[in-house]
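Trainee:
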Amino acid sequence: MRLSKLFFQTLRDDPAEAEMPSHRLLLRAGYVRQLGSGIYSLLPLGWRVTQRVEQIVREEMDGIGGQEVLMPVVHPADLWRESGRYDSVGPEMARFKDRGGRDMVLAMTHEEVVADLLREVIHSYRQLPVMIYHFQTKFRDEPRSRGGLIRVREFTMKDSYSCDRDAAGLNRSYQDHYAAYSRIFDRLGLRTVAVASDVGMMGGSQAHEFMVLNPAGEDVLVLCEACGYSANRQVAPVAVAAPPAEALLPVEEVATPHAATIADLAALLGVPESRTAKATFFVADDGRLVTAIVRGDFEVNETKLANALQARDLRPAHAEEITDAGMVPGYASPIGAHGTVVVVDRLAAGSPNLVAGANREGFHLRNVNAGRDFRPDLVTEIASVRAGDPCPRCGAPVELRNGIEVGNIFKLGTRYTEALGATYLGEDGERHPIVMGSYGIGLGRAVACIVEEHHDEKGIAWPPQVAPYPAHLVALGAAREPRVAETAERLYAAACAAGREPLYDDRDESPGVKLTDAELLGMPLIVTISPRSLAAGGAEVTDRASGARSVRPLDEVEALLADRAAGGA
RNA sequence: CGGGGUGUGGCGUAGUGGCUAACGCACGUGCUUUGGGAGCACGAGAUCGUGGGUUCGAGUCCCACCGCCCCGACCA
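Residue 513 in this note's numbering is what sits at position 512 of the first sequence, and the numbering runs on without skipping anything.
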């Protein structure tokens, strides 16, 4: 591709709105353009990278027996009513009416369509297992997009769906995907860690997320260096031992002016935070006011709490809602409260004689014990793992890291097939629901993550497997020295003929512009042809990632450009 | 949805009530230049986010709305 013809534009200055390296560089190098919040166009270079990524994903999906299909973006709402998700999914799903007044949705995922296809196509156990997948646009009206391509509203996703006879088949499909995903991210040049995760809106029994470690990641991961344990903090169990039992002491009120936070309280009373109880308040989607009690040295884990309550949604409670239940924010405890579901963290319940709120401005109670002084509606684990807490598997201190989710795998089970009546006739002559799994990879997010991991201060440095072009030919001083243009044209033509079309900067630009653009654009190999290089016996070859450069004879350069396996300089 | 910020040629910015809205980059033409974002000259390009208001006069002050960014809430 000749740069003189390429639809692109590099920017000298960083666009003001871009903060993350991937966002900044993809914009500056002319790979993408923003149309609206969380809505991007892919320019030719960006589209080529995406296609390279897509092809790698396709090969690995085909490798585990996947069959590519294409399912629609616009679905009749009735389909989503059948699964119950038309009502359970919130405003992140775009809805509209067609001209006939029928309710329609823009698909944010395709379980329903797959289940619909299954009930039409699959009748017998002989047709199972089967796995289908597609690359399709998804629209999710996120409350807030962010981070350039990391979190967008419209994006392309590879989603695959395994369809098995039973749980054992699902396990195999799940393992196949797990292995395929590991190969995919490896090939993409992404170092990922697979973490056990929450099943969220998908439902199902088991899920893993493939995470790229990145400080800008929106998820917090619990990692153990000692044994390799890894989990999303949303689900990671707290393995902190309960303190030794003590005799339960009588409750005693103590004045604690201006001690509305745990830190202030602990300092004022001279007790460790672990000897206090912290109350936080939520309102569930069904209207229940939830009082969550964790030990003062822990934070509430909203995912665990929501799961414990079987609530779809939790929001922080307003002060009036807390007061209405007979509690005093800042000095609150369940003692004397009414009209609230009290959920106590396992560890808080197992820690005796804690300091808790007195429900009186400026006062706390010493020696509060769950069960004796108030009755919890539920005692279960609702606290989040902290950095340095013992690993739930081996006990070594765990580490907390942020991660970006680039892929996930879910065991769905029969939730959708039962709802939609997608069944097969088994060997036993009985009708059984098909057992499904669903597996996603966000392509744009993967591209952004690759840039996050493969860039320097000068620009992008694509791994060869995903680079839009294998090399970047730069002709310098061509106007002055006809041999430069001739040589560059010859190398370009030869590479194209070998099926390895490079980028070719044939523009009438100054050397500085061309060289900085080459580094910004990030092709793995930069080949510079100039009077100087010709005098030195050939062309200068620079490995973008390492910066290693050397002048090579022209026939060697020609072979390098044509060689599919060529990597470095 | 809460909090914060921001909106001026394609990009980055200046312009805190007063003449024809300024600068750098990018863009066009010509000449010069050619290994690290070149020089000179000429030129094109902005209803200053939108609507209302205050004022003799508004890019600038006030109100409302909209867009975008960040933090949080949210989230396969």
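Just so you know, even glycine gets a beta-carbon here, dropped at the ideal spot from N, CA and C.
Look up Cys-450 in the DSSP assignment and say whether it is helix, strand or coil.
Mentor: Helix at Cys-450.
Trainee: Have a look at Val-475 and Ile-57 and give me their C-alpha separation to the nearest angstrom.
Mentor: In a straight line, the C-alpha of Val-475 is about 28 Å away from that of Ile-57.
Trainee: Looking at the structure shown, is Asp-160 part of a helix, part of a strand, or coil, going by DSSP?
Mentor: DSSP places Asp-160 in strand when its eight states are reduced to three.
Trainee: On the DSSP letters alone, give me the boundaries of the alpha helix (DSSP H) that Ile-405 sits inside.
Mentor: Segment 400-414 is the beta strand (DSSP E) holding Ile-405; no alpha helix (DSSP H) there.
Trainee: Closest to Lys-459 by C-alpha separation, out of Leu-401, Ala-546, Arg-508 and Asp-507, would be which residue?
Mentor: Measuring from the Cα of Lys-459, the nearest candidate turns out to be Ala-546.
Trainee: Please return the same chain residues whose Cβ sits closer than 7 Å to the Cβ of Ala-318, not counting the five positions on each side in sequence.
Mentor: Counting only Cβ-Cβ distances below 7 Å, and skipping sequence neighbours, we find Phe-282, Phe-283, Val-284 and Leu-290.
Trainee: Going by the DSSP bridge assignment, what does Ile-133 pair with across the sheet?
Mentor: The partner list for Ile-133 (beta bridge, DSSP) reads Gln-68 and Tyr-162.
Trainee: If you scan the segment 31-103 from start to end, which runs of the beta strand (DSSP E) of 3 or more residues do you find wholly inside it?
Mentor: With a minimum length of 3 residues, the continuous beta strand (DSSP E) runs that stay inside the segment 31-103 are 33-37, 40-43, 75-77 and 96-98.
Trainee: Can you give the beta carbon distance from Ile-410 to Tyr-175, rounded, assuming they're within the 8 Å contact cut?
Mentor: Right, their Cβ atoms sit about 6 Å apart.
Trainee: Would DSSP call Gly-513 helix, strand or coil?
Mentor: Gly-513 falls in the helix class under three-state DSSP.
Trainee: Take every Cβ of the segment 62-77, pair it with every Cβ of the segment 130-145, and state whether three or more of those distances are shorter than 8 Å.
Mentor: Output reads yes: the segment 130-145 touches the segment 62-77.
Trainee: Mind checking Ala-125: buried by the 16 CB within 10 Å criterion, or exposed?
Mentor: The question names Ala, but residue 125 in the sequence shown is Ser. Exposed, by the Cβ-count rule.
Trainee: Going along the chain, which residues of its own chain have a beta-carbon closer than 6 Å to the beta-carbon of Ala-116, five neighbours each way excluded?
Mentor: Excluding sequence neighbours, Ala-116 sits near Tyr-417, Thr-418, Leu-421 and Ala-423.
Trainee: Does the segment 216-235 come into contact with the segment 328-335, if we say contact requires no fewer than three beta-carbon pairs (one atom in each stretch) closer than 8 Å?
Mentor: Touching, no.
Trainee: For Ser-231, report the span of its beta strand (DSSP E) as first-last.
Mentor: Residues 231-233.
Trainee: Tell me the rounded alpha-carbon separation between Asp-177 and Glu-400.
Mentor: Using only the alpha carbons, I get a separation of about 29 Å.
Trainee: Looking only at C-alpha atoms, which of Ser-183, Leu-28, Ala-540 and Arg-154 sits nearest to Ala-486?
Mentor: The shortest C-alpha separation from Ala-486 is found at Ala-540.
Trainee: Would you say Val-386 and Val-239 are within 8 Å of each other, going by their C-beta atoms?
Mentor: Closer than 8 Å, so yes.
Trainee: At which residues does the beta strand (DSSP E) containing Phe-364 begin and terminate?
Mentor: Residues 364-369.
Trainee: How many angstroms separate the CA atom of Ala-570 from the CA atom of Ser-551?
Mentor: Low per-residue confidence applies at Ala-570: pLDDT is 39, beneath 50, and the placement is therefore not dependable, though the value from the model is reported in the following sentence. Ala-570 and Ser-551: Cα-Cα distance of roughly 7 Å.
Trainee: Output the distance between the C-alpha atoms of Gly-568 and Thr-488, rounded to the nearest integer angstrom.
Mentor: Reliability of the predicted coordinates at Gly-568 is poor, the pLDDT of 45 falling under 50, and no value is obtained from them.
Trainee: Using the three-state DSSP reduction, which class does Ala-217 fall into: helix, strand or coil?
Mentor: Three-state DSSP puts Ala-217 in coil, outside helix and strand.
Trainee: In its own chain, which residues sit with a C-beta less than 7 Å from the C-beta of Glu-559, not counting the 5 before and 5 after it?
Mentor: For Glu-559, where only same-chain residues beyond five positions count, the Cβ hits under 7 Å are Leu-492 and Ala-495.
Trainee: Thinking C-alpha only, which one of Ile-442, Pro-45, Glu-520 and Val-342 is nearest Phe-9?
Mentor: Measuring from the Cα of Phe-9, the nearest candidate turns out to be Pro-45.
Trainee: Does the beta-carbon of Gly-438 have 16 or more other beta-carbons within 10 angstroms, so that it is buried, or is it exposed?
Mentor: Its Cβ being crowded by 16 or more others within 10 Å, Gly-438 is buried.
Trainee: Counting C-beta neighbours from all protein chains within 10 Å, is the total for Leu-250 16 or more, i.e. buried, or is it exposed?
Mentor: That one is exposed.
Trainee: Buried or exposed for Val-514, please, with buried defined as at least 16 other CB atoms from any protein chain shown within 10 angstroms of its CB.
Mentor: So Val-514 ends up on the exposed side.
Trainee: Apart from the five residues on each side of it in sequence, which residues of its chain come closer than 8 Å, Cβ to Cβ, to Ala-280?
Mentor: Cβ neighbours of Ala-280 beyond the five flanking positions: Thr-292, Ala-293, Ile-294, Met-328, Ala-333, Ser-334, Pro-335, Ala-357 and Gly-358.
Trainee: Excluding sequence positions up to five away, which residues of its chain have a Cβ less than 8 Å from the Cβ of Glu-113?
Mentor: Excluding positions up to five away in sequence, the list reads His-76, Leu-80, Trp-81, Glu-83, Ser-84, Arg-86, Tyr-417 and Leu-421.
Trainee: Return the Cβ separation of Leu-444 and Lys-159 in integer angstroms, given the expectation that the two are a contact with Cβ distance under 8 Å.
Mentor: Leu-444 to Lys-159, Cβ: 7 Å. Contact.
Trainee: Quick check on the DSSP output: the beta strand (DSSP E) that includes Phe-282 runs from which residue to which?
Mentor: Its beta strand (DSSP E) spans residues 278-285.
Trainee: Does the separation of the CB atoms of Glu-212 and Glu-60 fall below 8 Å?
Mentor: The sequence shown places Met at residue 212, rather than the Glu named in the question. No. Outside cutoff.
Trainee: If I measure Cβ to Cβ from Arg-3 and keep anything under 7 Å in the same chain, skipping five residues before and after, which residues do I get?
Mentor: Counting only Cβ-Cβ distances below 7 Å, and skipping sequence neighbours, we find Tyr-505 and Asp-507.
Trainee: Where do the ends of the alpha helix (DSSP H) carrying Asn-308 lie?
Mentor: Looking at the DSSP string, the run of the alpha helix (DSSP H) that includes Asn-308 is 303-310.
Trainee: Starting from Val-528, follow its DSSP beta bridges and name the residues at the other end.
Mentor: Leu-474 and Val-542, per the DSSP bridge assignment.
Trainee: Can you tell me the Cα-Cα spacing of Tyr-425 and Val-200, whole angstroms?
Mentor: Using only the alpha carbons, I get a separation of about 26 Å.
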